[in-house]
Amino acid sequence: MHDRLNTLGQAQLDKILAIIYGVAGIGSVIEAGNMFQSNQSFAVLATIITQL
Numbered sequence: 096m097h098d099r100l101n102t103l104g105q106a107q108l109d110k111i112l113a114i115i116y117g118v119a120g121i122g123s124v125i126e127a128g129n130m131f132q133s134n135q136s137f138a139v140l141a142t143i144i145t146q147l
């Protein structure tokens, strides 16, 4: 990809795309943990509410 972008005159674009990819990966890992916790909380609340 680096060589192809060099031929197109966009040598710095691969570094920018790598940074965006890294930030998106870190963000998705953090959000996946939050989603798991919210699903657990909902399951507990649904169990408590049905028992009332």
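Numbering of the sequence shown is given in my numbering, commencing with residue 96 and proceeding in unit increments. Note that CB positions come from ideal geometry on N, CA and C, so glycine has one too. Just so it is clear, the structure is predicted and the values come from calculations on it, not from any experiment.
For residue i, the three-state DSSP class (helix, strand or coil)
i    : result
A127 : helix
Inter-residue spacing [alpha-carbon to alpha-carbon] between residue i and residue j
i    : j    : result
I114 : N129 : 23 Å
F137 : I144 : 10 Å
Q146 : G120 : 40 Å
L140 : S133 : 10 Å
G117 : E126 : 14 Å
N- and C-terminal bounds of the alpha helix (DSSP H) containing residue i
i    : result
L150 : No statement about residue 150 is possible, as the shown extent of the chain runs from 96 to 147 and does not include it.
heavy atom of the ligand MG below 8 Å from residue i C-beta
i    : result
V124 : As far as ligands go, the structure on display features none, and thus does not contain the ligand MG.
Sequence-distant residues of its chain with Cβ nearer than 7 Å to residue i (five each side left out)
i    : result
A106 : L100
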